[in-house]
Structure formats: structure tokens, C-alpha cells
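Working notes, structure below.
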Amino acid sequence: MEAPQTPQDALHLGALASQNASATRHLYSRLELSNGKRQKLEGVFEDAVMKRRFEAEYAAVQTLPEALAAKQPSKQPLRKTAAKAGGPARKAPKLLEAGPGASPAASKANGDEPTISTTTVPQSMSLTVRGSQAIQQVKPEWHPPWKLMRVISGHLGWVRSLAVEPGNKWFASGAGDRTIKIWDLATGSLRLTLTGHISTVRGLAVSPRHPYLFSCGEDKMVKCWDLETNKVIRHYHGHLSGVYTLALHPTLDVLVTGGRDGVARVWDMRTRSNIHVLSGHTGTVTDVECQEADPQVITASLDSTVRLWDLAAGKAMGVLTHHKKGVRALAVHPTEFTFASGSSGSIKQWKCPEGAFMQNFEGHNAIINTMSVNSNNVFFSGGDNGSMSFWDWKSGHRFQSFETTAQPGSLDAESGIMSSTFDRSGLRLITGEADKTIKIWKPDEKASEETHPIQWTPTLAQRKF
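Going by numbering that gives the first Met the number 0, the sequence shown opens with residue 0, and the numbers climb by one from there.
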């Protein structure tokens, strides 16, 4: 422990402090500042002692180490002076001063002549500086308008589900009258009626590799029909409430179903075993889509989310929470790695596999019950109020919208589009409606770009979340 200081030590410290203070005053009194600019401290010390102290104090930071100096950008003059270049001085363009909103007076105030920049804006510039170059919208592809081709009657309830067989010769429909009907696609004639469900048939799928038709309904039942005998050969038990949707995996013998109990179940098609229970949604699972690559299962729910699932692990890969209301419909592009989700007044497009947001489809202000997309990039959305919209898939441009054709004697409340699907060629759209009919739509062969030009103006609205 140090001994307490004596009065003599205190006097010595006071003398040192006074000496340092006078040296500081002497130093700064000799510095002449002109125009408020800083001056270098080189050569300002007449006192050799002060000069040595200064050099010793800042010797470590006066020069960069070789390792750091090598990483520094090479110092090149921004402009060549008249003496060095042998000609008039050339001012380097300044992006901010020469950009929109900069005045020549501001440039002159900084001692520079006003210049106009002709250089391209670097990629690393912020969006505010890059301006209109930040987002460039794709011009939509021209599509012919669609028109009604045929109306098929026969069901006694809302047509809630549709499925086209791989050969494109017939399609199946399921309705609120608890029946499944098989229709000839070319003529619209009824081929067969399957009975067995005791409540509304909500989902249908035809296997591309087996003679099987799968159906699900509000009676909690999932059935497998043998199309050679037209009888049920398998039941899949497990859902606790109505089963609202089902989908077949394109390459595996796997069936995925979803319903009001808020879970999606993955079934082995042949053994009827429940492989996975995809739990996580807090509301009704309204739609399920399967694809060959990850995410192999996509589910939509009334809890306003879309979930992407890892089929091998049976766990969620991601959750899309951008929708504000319940998501009722999904549509996966047949050839591209993109899909869309629809809720009340909102349709959003996503990119696989991570579920990156791509764009909004703006304008269909209705409860979106069903969506479909074909390989020609025609995207269809059907509303609960009977409204129909046709879009260009890549640009998000709506090229046609109208109300469905009401059947004579039907009520206004029976004008909803409940289900939809394109046939295998993509040239026929089949819709199941609340007026108990099935309507088939086709493109107008007489239309051309001259008779029906694209009504399109660029907008940034699609880029909003």
C-alpha cells in the first residue's frame, strides 16, 4: 500500500499541472485558423520537447501496417488538373448532385460547375437513388378472351369438386346431393353416377397410374373407387370432422387429405396406413396441393396461413402469414415452380421452394373459392358471388373479368363459383357452381390482338405484400 502524499508532493504535482496548462495554452495560441479549416500539426512545434512527445504519442497511428495498407483501394485522382492533364479541368460527375432535384446553384455553392451524369447507377445503390430502375414490370402475354361453351345440368346440390382423368376423355364432379357423377368431356353427357357418401362430396382426384378415383366428404369419409368395377375398395379412417380437400402425389402412391379438424393426413394409398399427421394449422384446412419437388405438400387454412411441408419428415418447412383472412384456395403451376393462394379479396403468388413472395393479383374483390392455372399461363379465379377473373400468370395482369351466366329460375345467392379445373389440354375450363350446374368455358377462336388488344399500364401495386 502506498504511503499518503506529503505536502511537498502535492506542491510538486501542482507545479507540473500548471506547467502542462501553460504549455497547452502556448501551443494552441500559435495555431492560426483560417476560414474555419483544419490545419495539419506538422511543423507547428517550435519546442523540441513537445515535438518529441507528440511523435511518440501518435507514432503507432501515423502509418498503416502493411497488411491493412494492401487492403486499401488504390488512390487514383478523381479529376485531372490542368497542369497534370495538359488541358482544361474535367469535373467528375456526382450522382446525388446531378440527379433529379439537384439545382445548378447547389453545385456552384460547393465550388463545382453543374454537370450531368451519364454513368449507369451501380447495382449497390439504394432504391431511393436508383428510382424507376429499381422495379421493372413484365409486359403481359396476350391471351384470347374466354366464353361459355356448354352448361351441364344433373346435380341436385352445389357442385363442390371436379377432377379430369389423365386421358382427357371424361371428368368427375361431386356435389351437395352426395353423389359423384362421371361426364363425357366432349359431349357433356352423363356416363355414370356413384353413390356411397352420406354427405356433401368436397374433394375428388383421379390417379394417373391406377384405375382409381378418390373422394372425400363432410361425412368424415375418404374413399377409393375402383373404376373397373365402380365400387369402393378402400376407406381411409382418421379425420375427426368433415374432409374438405384431397390431393394425389404425382409420383408416389401417396394421398393427402385435409379437413375441418385442422390437420392434413398423409396416407399410403395401398395399405391405408396413416403415414404422417401434418399438424400446425389452427383452423380448417381448405385446400391441399402436392408436387414432385419440395415442398411436396402445400396446405391452405382458414387460420390465414399457408404451410409448406417436408413430406419425408412430416414437418413444416415454412409458414406464409401474409394473408389477412382465411385462405380458401391454392393453385400450382403445372410446369413452373410457382403457386398462388387466394383469400377474401387477395390473391398472392409465391415461388418454391422457400415460399418467396412474388406478386399480388389485384382486382378480384370477392371471397375466392377456387383457382386454377394451365400450362399456357392462363390463371383463373372464381368468387363466391359468381365473379370470374382471368389473369396472365407471369405479369399478374387481369385480361378478363365478368359474372357467371345465371341459370333461369336460380336465385342471386346461387351464383357462386364453388370449384374449377382446366382439362389436360388447358383449352377447356370446367367450373362447378352454386346453381347446381357445371359450365365449360373455352377461348374465343375469332379473337386476335387487333380485336382484343391488351389494356395494360405499368404499375407498382403488385409488389406490395
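Glycine residues also receive a C-beta, built at the ideal position from the N, C-alpha and C atoms. What you are looking at is a predicted structure, and each value in this text was computed from that prediction instead of being measured.
Report, in whole angstroms, the separation of the C-beta atoms of Thr250 and Glu288, which I expect to be a contact under 8 Å.
About 14 Å separates the two Cβ atoms, so there is no contact after all.
Between which two residues does the alpha helix (DSSP H) holding Glu353 run?
Note, Glu353: premise wrong, no alpha helix (DSSP H); not H, not E.
Going by CA-CA distance only, name the one from Ser447, Gly425, His396 that's closest to Val137.
It is His396.
Distance check for Glu227 and Phe360, CA to CA, integer angstroms please.
One C-alpha to the other measures close to 42 Å.
Check whether the Cβ atoms of Thr201 and Ser160 lie closer than 7 Å to each other.
Checking the sequence shown, residue 201 turns out to be Arg, not Thr. Yes, these two residues count as a Cβ contact at 7 Å.
Does DSSP classify Ser17 as helix, strand or coil?
Three-state result, Ser17: helix.
Hey, quick one: how far does the beta strand (DSSP E) through Leu251 stretch, first residue to last?
Here Leu251 belongs to no beta strand (DSSP E), and DSSP marks it neither H nor E.
To the nearest whole angstrom, what separates the beta carbons of Ile429 and Phe213, a pair I think is in contact under 8 Å?
Contact flag wrong, Cβ pair sits at about 18 Å.
Going by DSSP, name the residue or residues bridged to Tyr211.
Beta-bridge pairing links Tyr211 to Asp225.
Compare the C-alpha of Ser303 against each of Ala311, Thr244, Thr320, Trp440 and name the closest.
Closest by alpha carbon: Thr320.
Restricting to Cα atoms, I'd like to know which of Ser152, His332, Asp293, Tyr243 is closest to Ala299.
Closest by alpha carbon: Tyr243.
The alpha helix (DSSP H) with Lys70 in it runs from where to where?
Run containing Lys70: 65-70, per the alpha helix (DSSP H) assignment.
Taking the alpha-carbon positions, what's the Thr270 to His234 distance?
Roughly 10 Å separates the two Cα atoms.
Out of curiosity, what's the CA-to-CA distance linking Asn273 and Gly237?
One C-alpha to the other measures close to 8 Å.
For Lys324 and Thr192, what's the separation of their Cα atoms in angstroms?
Taking the straight line from one Cα to the other gives about 36 Å.
If Pro165 sits next to Asp443, beta carbons under 8 Å apart, how far is it from one beta carbon to the other, in whole angstroms?
Not a contact, Cβ separation roughly 27 Å.
Would you call Gly86 buried or exposed, if buried means 16 or more other Cβ atoms sit within 10 Å of its Cβ?
With a pLDDT of 48 at Gly86, under the threshold of 50, the modelled position of that residue is not reliable, and no figure is offered here.
In its own chain, which residues sit with a C-beta less than 7 Å from the C-beta of Ile197, not counting the 5 before and 5 after it?
Closer than 7 Å at the Cβ level, and outside the excluded window around Ile197, lie Arg177, Asp218.
Output the boundary residues of the beta strand (DSSP E) element that contains Val137.
No beta strand (DSSP E) holds Val137; DSSP gives it neither H nor E.
Candidates Gln295, Val231, Asn229, Gly279: which alpha carbon is nearest Leu254's?
That would be Gln295, whose Cα lies nearest to the Cα of Leu254.
Less than 7 Å separating the beta-carbons of Leu147 and Gly173?
No, the pair does not count as a contact, with Cβ atoms beyond the cut-off.
The beta strand (DSSP E) spanning Trp392 covers which residue range?
Neither: Trp392 is in no beta strand (DSSP E) and is coded neither H nor E.
Nearest-angstrom Cα distance between His451 and Ser400?
Between His451 and Ser400, the C-alpha separation is close to 14 Å.
Quick one: give me the first and last residue of the beta strand (DSSP E) that Glu432 is part of.
Unbroken beta strand (DSSP E) run through Glu432: 428-432.
Taking the continuous beta strand (DSSP E) assigned at Lys314, which residues delimit it?
314-319 is the span of the beta strand (DSSP E), which, as asked, contains Lys314.
Excluding the five sequence neighbours on either side, which residues of its own chain have a C-beta within less than 6 Å of the C-beta of Glu449, listed in chain order?
Within the same chain, Glu449 has no close Cβ partners at all.
Beta-carbon within less than 8 Å of Gly362's beta-carbon, same chain only, minus the 5 sequence neighbours each way: which residues are those?
Only Ser388, Arg397, Ser400 meet the Cβ criterion.
I'd like to check one pair, Val265 with His275: are the Cβ atoms closer than 7 Å?
For His275 and Val265, yes; Cβs fall inside 7 Å.
Cα separation between Ser371 and Gly381?
Ser371 and Gly381: Cα-Cα distance of roughly 9 Å.
Do you know offhand how far Trp182's Cα is from Pro457's?
For Trp182 and Pro457, the distance between alpha carbons rounds to 43 Å.
Quick check on DSSP: helix, strand or coil for Val60?
Of the three classes helix, strand and coil, the one that applies to Val60 here is helix, per DSSP.
Closer than 8 Å by C-beta to Val326: which residues in its own chain qualify, once you throw out the five before and the five after it? Chain order, please.
Answer for Val326: Thr285, Asp286, Ala299, Ser300, Leu301, Ser303, Thr304, Val305, Ser340, Gly341, Ser342, listed in chain order.
Closer than 7 Å by C-beta to Gly279: which residues in its own chain qualify, once you throw out the five before and the five after it? Chain order, please.
Only Arg306, Ala315 meet the Cβ criterion.
Below 8 Å on the Cβ atoms is my guess for Gly187 versus Ile439; work out the distance and round it to an integer in Å.
Rounded, the Cβ-Cβ distance is 7 Å, consistent with contact.
Whose CA, out of Gln7, Thr403, Asn373, Phe379, lies closest to the CA of Ser386?
Taking only the C-alpha atoms, the option nearest Ser386 is Thr403.
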